[in-house]
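Going down the list, the sequences are from chains A, B and C.
Under my numbering, the letters of the first sequence match residues 30 to 294, in that order.
Under my numbering, the letters of the second sequence match residues 30 to 294, in that order.
Under my numbering, the letters of the third sequence match residues 30 to 294, in that order.
Presented below is the structure to which this report refers.
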Amino acid sequence: MSESVSDADAPEASTRSFQATVNADAIQTAVDLVAALLDECHLSFDEDGVRMWGMDPATVASVDLTLERAAFDDYEATGVRSGVDLSRLGDVVGMADRGQSVHLALDHETRTLEIRFGGLEYALALIDPETIRRPPDRPSENFDFEGGVVADADDFDWAVRAADMVSDHLALGIDAEEDAFFVEAEGDTDDVSLVLTADDLVEVRSAEVRSLFSLDYLSVIGRAMPSDLDVDLRLGTEQPVAIEYEFADEAGSVAYFVAPRISRQ
Amino acid sequence: MSESVSDADAPEASTRSFQATVNADAIQTAVDLVAALLDECHLSFDEDGVRMWGMDPATVASVDLTLERAAFDDYEATGVRSGVDLSRLGDVVGMADRGQSVHLALDHETRTLEIRFGGLEYALALIDPETIRRPPDRPSENFDFEGGVVADADDFDWAVRAADMVSDHLALGIDAEEDAFFVEAEGDTDDVSLVLTADDLVEVRSAEVRSLFSLDYLSVIGRAMPSDLDVDLRLGTEQPVAIEYEFADEAGSVAYFVAPRISRQ
Amino acid sequence: MSESVSDADAPEASTRSFQATVNADAIQTAVDLVAALLDECHLSFDEDGVRMWGMDPATVASVDLTLERAAFDDYEATGVRSGVDLSRLGDVVGMADRGQSVHLALDHETRTLEIRFGGLEYALALIDPETIRRPPDRPSENFDFEGGVVADADDFDWAVRAADMVSDHLALGIDAEEDAFFVEAEGDTDDVSLVLTADDLVEVRSAEVRSLFSLDYLSVIGRAMPSDLDVDLRLGTEQPVAIEYEFADEAGSVAYFVAPRISRQ
Chain A
30 MSESVSDADA
40 PEASTRSFQA
50 TVNADAIQTA
60 VDLVAALLDE
70 CHLSFDEDGV
80 RMWGMDPATV
90 ASVDLTLERA
100 AFDDYEATGV
110 RSGVDLSRLG
120 DVVGMADRGQ
130 SVHLALDHET
140 RTLEIRFGGL
150 EYALALIDPE
160 TIRRPPDRPS
170 ENFDFEGGVV
180 ADADDFDWAV
190 RAADMVSDHL
200 ALGIDAEEDA
210 FFVEAEGDTD
220 DVSLVLTADD
230 LVEVRSAEVR
240 SLFSLDYLSV
250 IGRAMPSDLD
260 VDLRLGTEQP
270 VAIEYEFADE
280 AGSVAYFVAP
290 RISRQ
Chain B
30 MSESVSDADA
40 PEASTRSFQA
50 TVNADAIQTA
60 VDLVAALLDE
70 CHLSFDEDGV
80 RMWGMDPATV
90 ASVDLTLERA
100 AFDDYEATGV
110 RSGVDLSRLG
120 DVVGMADRGQ
130 SVHLALDHET
140 RTLEIRFGGL
150 EYALALIDPE
160 TIRRPPDRPS
170 ENFDFEGGVV
180 ADADDFDWAV
190 RAADMVSDHL
200 ALGIDAEEDA
210 FFVEAEGDTD
220 DVSLVLTADD
230 LVEVRSAEVR
240 SLFSLDYLSV
250 IGRAMPSDLD
260 VDLRLGTEQP
270 VAIEYEFADE
280 AGSVAYFVAP
290 RISRQ
Chain C
30 MSESVSDADA
40 PEASTRSFQA
50 TVNADAIQTA
60 VDLVAALLDE
70 CHLSFDEDGV
80 RMWGMDPATV
90 ASVDLTLERA
100 AFDDYEATGV
110 RSGVDLSRLG
120 DVVGMADRGQ
130 SVHLALDHET
140 RTLEIRFGGL
150 EYALALIDPE
160 TIRRPPDRPS
170 ENFDFEGGVV
180 ADADDFDWAV
190 RAADMVSDHL
200 ALGIDAEEDA
210 FFVEAEGDTD
220 DVSLVLTADD
230 LVEVRSAEVR
240 SLFSLDYLSV
250 IGRAMPSDLD
260 VDLRLGTEQP
270 VAIEYEFADE
280 AGSVAYFVAP
290 RISRQ
């Protein structure tokens, strides 16, 4: 099967369809969050909402984003699965003004996504999803996340930027005795650490955990994170980190998984 | 004749003179609008005002700008014709604060334009106008502009930027039946179009017209356009487009002409 | 002696110490003012305050900055002398929010400066001061500054930026007859000058003086200068210029010395 719009569960192709209206802010945020990690992603439209997901070329990090039906007006979809170039999609929706209504419609025949707002009509050619790297299904079930914290997104981004000053990797962990989340980076000359105690955090699920990650991935994920929201981090020892939060008044949710680096200790 | 200040209609050179005071905003805008297209331009000072004009090196686009006597205080000029480097002129007037008075005076002897404001005095060497490409006289009389629209400048810039996402050229035209102005661009993968109906426009002079243009020119003209003004577009079929508007409280006016590309249809 | 923390006047090393708390704005400004000219500088902590100083690699310009004890809370120091990388120090203190308290402490054992704010702890490796170029002691006593002016810092920066449009050097001087400070630059095609009379200046110490300087140095010094303060310029003929001002509510002071270029007149 090599088509840019394929059928999720193979009823008659002629019945596959999608059209909906969405606030420009919600779709712009959604595209930015996925584009932080990927150039192209899988895209599905079904009864529950729109999903965008994929894995980076080095297979270190994956992202899975859902914009629920509740984020849209006039939502109509029967299971459609396709792929999209995130740079072009981001350019188009980026032309919309804050709060403007963006109308999306799938043209199954031409395999394009029609994007309309303010007199503008953009026909975006979709991509055959078979050509896009596919992340493992349900990655979180394969990992052993013993601990976790819920932190302010700005604190997380700030810690990652601090680590980026001295090194190309950082450790994330929890000090179970102190109920504290820590970020540590050791550079050739300088070291940096950030400790957030229970008072600084929304939630701590204590466990003695620590893993090392490449800053290449955490930096772009941190920078893309909207302000003024809580981010949930699930952590283990020599395990991936799951970075999850909601956006668009809780109608959107995103989960990143980043594989650990082998610790040099 | 190879002088950087020449005499428009050749009375005694010693009587050639120019001096005037102008609001920084007006001269900054004027220079920006011409510099969008040209590095150097023709410059004349005469009884009616200051004129800056020229043609781009590829002879695809021309600009002709007038800042009328009404834009100046203490205006004194006897027909002088010269040439100027727009990058240097733009740098100097760009140093003035919003609303500051900028005094201009021609030093005929040294062939410099003296620019003074806030204690600063800048002596700008003028350029021999004979070395600067000259556009055809009165270009608009040579073309067959059957139709036209008056639109919001921001809408025009927005349409051009949208076209720029998918292609390096765009079509401008009028759908006579619908009284609608359209912008269309076809890319290798994606297409974009913008339709502005009579309700979205200030004026429509309907005629069935359509021409293709290079985005290189329309992009820089669109970006240089000040906000909150109406732009008049005159259009034909396989004809140039004339892009005209007023600025500086109607004391300034500019006209761009851009030649069409050969349509591939 | 080749240690990154050395003892200013050689009592027992174990007694050498420094710790203090400072407002983020004050330390950020201090670092920016020195980093404008230098990559690394000398650093001392003693009873009177913190001093940062050095000379640029071409030995054309020097800077000497003091942040007095009054700028700090909980200040404790016994004469310590070391060196610091200004880029890394600037990155760390730049992470602090406006008005945030930044805690500094010297770890004599590890020769690091510990910088703490908002849960972040950064261990900055200090540099052996013996490896850093040392400016001449008390440079101002060696020069013949016959005249001087006190001007608005924005006017000084503005004049330097104007000169930068036409040339790579500029003359600074005083016209004793007119009690006026002047800045002049002659380019290949254009000339620029700025004259500030006694009315435009805070103070004039008149003398017929004029020296030529490289814009490389004056540009970076001008750009780094905070707004809304008065700058004192001491001038001679074919002499250096001393550029001095206070910041951080007068708890900080900085002096730049820039050597003259040989005048081509």
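Cβ atoms here follow ideal geometry from the backbone N, Cα and C, with glycine treated the same way.
Since the structure is predicted, the reported quantities are computational estimates derived from the model, not experimental observations.
(message) Check this for me: beta carbons of B:Pro-164 and B:Asp-93, under 9 Å apart or not?
(response) yes
(message) Tell me the rounded alpha-carbon separation between A:Val-189 and B:Val-212.
(response) 45 Å
(message) Restricting to Cα atoms, I'd like to know which of B:Met-254, B:Phe-74, B:Gly-119 is closest to B:Ala-53.
(response) Comparing Cα-Cα distances from B:Ala-53 to each of B:Met-254, B:Phe-74, B:Gly-119, the minimum goes to B:Gly-119.
(request) From the DSSP output, in three-state form, read off B:Gln-48 for me. (result) strand
(request) Report all residues from its chain with a CB closer than 7 Å to the CB of B:Arg-127; omit the five preceding and five following residues, and keep chain order. (result) Within the same chain, B:Arg-127 has close Cβ partners Ala-53, Asp-54.
(message) I'd like to know if C:Arg-190 contacts chain B, where contact means its C-beta is closer than 9 Å to some C-beta of that chain.
(response) Judged by the 9 Å Cβ criterion, C:Arg-190 is in contact with chain B.
(request) Kindly indicate which three-state DSSP category B:Ala-308 falls into: helix, strand or coil? (result) Because chain B spans 30 through 294 in this model, residue 308 of chain B falls outside it and cannot be assessed.
(message) Going by C-alpha to C-alpha distance, which of B:Val-79, B:Leu-96, B:Arg-45 sits closest to B:Ala-277?
(response) Cα-wise, what sits closest to B:Ala-277 is B:Leu-96.
(message) Quick check: what's the CA-CA separation for B:Leu-247 versus B:Val-63?
(response) 13 Å
(request) Would you mind listing the alpha helix (DSSP H) stretches within the segment 93-132 of chain A that are 4+ residues and don't spill past its ends, in chain order? (result) 115-123
(message) the ligand GDP and A:His-132: does any heavy atom of the ligand fall closer than 8 Å to the residue's C-beta?
(response) Absent from the structure shown: the ligand GDP. Ligands present: none.
(request) With 7 Å as the C-beta to C-beta threshold (strictly closer), list the residues of the segment 130-148 of chain B near chain C in chain order. (result) When CB distances to chain C are screened at a threshold of 7 Å, the residues of the segment 130-148 of chain B falling below it are Gly-148, in chain order.
(request) Please list the residues of the segment 217-250 of chain B that have a C-beta atom closer than 7 Å to any C-beta atom in chain A, keeping them in chain order. (result) Thr-218, Asp-219, Asp-220, Val-221, Ser-222, Leu-223, Val-224, Leu-225, Asp-229
(request) Taking all protein chains shown into account, decide if C:Pro-86 is buried (16 or more other Cβ within 10 angstroms of its Cβ) or exposed. (result) Per the 10 Å Cβ criterion, exposed.
(request) Run down chain C in chain order and give the residues with a C-beta less than 9 Å from the C-beta of A:Met-194. (result) Going along chain C in sequence order, the residues near A:Met-194 (Cβ under 9 Å) are Arg-117, Asp-120, Val-121, Met-124, Tyr-151.
(message) If I follow the unbroken beta strand (DSSP E) through B:Asp-259, where does it start and stop?
(response) 259-264
(message) Quick test of the definition: if touching needs 3 or more C-beta pairs under 8 Å, does the segment 174-182 of chain C touch the segment 138-155 of chain C?
(response) As far as the Cβ criterion goes, the segment 174-182 of chain C does not touch the segment 138-155 of chain C, which means the pair count is below three.
(request) Please classify C:Glu-207: does DSSP put it in a helix, a strand, or coil? (result) Reduced to three states, the DSSP call for C:Glu-207 is coil.
(message) On the DSSP letters alone, give me the boundaries of the alpha helix (DSSP H) that A:Val-89 sits inside.
(response) Careful: A:Val-89 lies outside any alpha helix (DSSP H) and carries neither H nor E.
(message) I need the straight-line Cα distance from B:Val-249 to C:Phe-286, nearest angstrom please.
(response) 44 Å
(request) Have a look at A:Pro-109 and A:Leu-133 and give me their C-alpha separation to the nearest angstrom. (result) Looking at the sequence itself, residue 109 of chain A is Val, so the reference to Pro does not match. Approximately 14 Å between the Cα atoms of the pair.
(request) Answer yes or no: do B:Arg-217 and A:Leu-153 have a C-beta to C-beta separation smaller than 9 Å? (result) The question names Arg, but residue 217 of chain B in the sequence shown is Asp. No, they are not a contact pair.
(message) What residue range does the beta strand (DSSP E) around B:Leu-62 cover?
(response) Segment 53-64 is the alpha helix (DSSP H) holding B:Leu-62; no beta strand (DSSP E) there.
(request) Measure the C-alpha to C-alpha separation of C:Ala-236 and B:Gly-148 and round it to an integer number of angstroms. (result) Inter-residue distance for C:Ala-236 and B:Gly-148 is about 20 Å (C-alpha atoms, whole angstroms).
(message) Within a Cβ cutoff of 7 Å, which residues of the same chain sit near B:Val-51, ignoring the five residues on either side of it in sequence?
(response) Ala-100, Phe-101, Val-131, Leu-133
(request) Compare the Cα-Cα distances from A:Thr-107 to each of A:Asp-68, A:Leu-135, A:Ala-214 and report the closest residue. (result) Of the candidates A:Asp-68, A:Leu-135, A:Ala-214, the one whose C-alpha sits nearest the C-alpha of A:Thr-107 is A:Leu-135.
(message) Just to check my reading of the structure: A:Ala-192 and A:Ala-214 have Cβ atoms closer than 8 Å, yes? What is that Cβ distance to the nearest angstrom?
(response) 4 Å
(request) Report yes if the C-beta distance between A:Phe-244 and A:Asp-184 is below 9 Å; otherwise report no. (result) What sits at residue 244 of chain A in the sequence shown is Leu, not Phe. Going by C-beta atoms, A:Leu-244 is not nearer than 9 Å to A:Asp-184.
(request) Inspect the beta-carbon positions of C:Gln-268 and C:Ser-240 and report whether they are closer than 9 Å. (result) yes
(request) Count the other C-beta atoms from every protein chain shown that fall within 10 angstroms of the C-beta of B:Asp-103, then say buried if there are 16 or more, exposed otherwise. (result) exposed
(request) Kindly indicate the opening and closing residues of the alpha helix (DSSP H) around A:Ile-250. (result) 244-253
(message) So for A:Glu-175, helix, strand or coil by DSSP?
(response) A:Glu-175 sits in coil when the DSSP states are folded into three classes, being neither helix nor strand.
(request) Using a cut-off of 8 Å between C-beta atoms, extract the partners of B:Ala-154 located in chain C. (result) Thr-218, Asp-219
(request) Please confirm whether B:Val-113 and B:Leu-155 have their CB atoms less than 9 Å apart. (result) The answer is yes: Cβ separation under 9 Å.
(message) For B:Leu-230, list the residues DSSP reports as bridge partners.
(response) BP columns for B:Leu-230 are empty, so no partner.
(request) Counting only the same chain and skipping the five closest in sequence on each side, list residues whose C-beta sits under 8 Å from that of B:Cys-70. (result) Val-63, Met-81, Trp-82, Gly-83, Val-92, Gly-112, Val-113, Leu-115, Ile-161
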